[in-house]
């Protein structure tokens, strides 16, 4: 073989090496990047949906918690109110029963006092010296004065008894004033005015009786 005709191309060591084709690598990488970006977007969307769902569940839990707290407060308020009203009503029933019994006793005492006053009034009203002679005027006046004195004593004694009943009622009211609402204005004892009226009228009655007897005596 003629070395003069030897092709130097075959002696080039880089003859069989190929140049890298970057365009092919880019064409392969681009679809891979697109797939990776799509998966990331899907994962991000899924995570956001899960976060929204968790927030929704959290809001629902908070709502249920608030409802349970409200129910607990209502239950506690109901229990306190039930205990309070049960105690108040039981105490009020006991007080009313005692007041009813006391009222019955007062009615009996008032009825008795009324009967005494009616009898005494009849005795005082029966004093009629129209037919009294001059010789009997002194004795009739003395007897009438005794009747008046007895009426006065009976009247005062009965009123004292009624006052004692009212005093007992006032003490009872003071003991339970924290449980029973009473008017802040004090009321005047009715027996005071009753006694005062009778005390004012009694001298006039006696004077009128004596004057009438004296007048009848002078006429005779």
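Numbering (the working numbering), first residue to last: 51 to 270.
All C-beta atoms in this analysis are idealised placements derived from N, C-alpha and C, irrespective of residue type, glycine included.
Remark: C-beta atoms of residue 150 and residue 215 do not approach each other more closely than 7 Å.
Note on residue 160: under 16 other CB atoms within 10 angstroms of its CB, so exposed under the neighbour-count rule. With respect to the 7 Å criterion, residue 201 and residue 182 are not classified as neighbours on the basis of their beta carbons. In this structure, DSSP gives residue 182 a state outside helix and strand, which the three-state scheme calls coil. The beta carbon of residue 174 is closer than 8 Å to those of 197, 198, 201, 255 in its chain, skipping five residues each way along the sequence. The residues 159, 160, 163, 241, in chain order, have a CB closer than 8 Å to that of residue 212 in the same chain once the five nearest residues on each side in sequence are set aside.
Distance from the CA atom of residue 189 to the CA atom of residue 178, rounded to whole angstroms, is 13 Å. Contact annotation: residue 166 and residue 208 have beta-carbon atoms nearer than 7 Å. When rounded, the separation of the alpha-carbon atoms in residue 127 and residue 118 is 14 Å. Straight-line spacing of the CA atoms in residue 134 and residue 168 works out to 49 Å.
The alpha-carbon of residue 123 is positioned some 12 Å away from that of residue 115.
Counting other Cβ atoms within 10 Å of its Cβ, residue 142 stays below 16 and is therefore classed as exposed. In this structure, the straight-line span from the alpha carbon of residue 139 to that of residue 121 is close to 26 Å.
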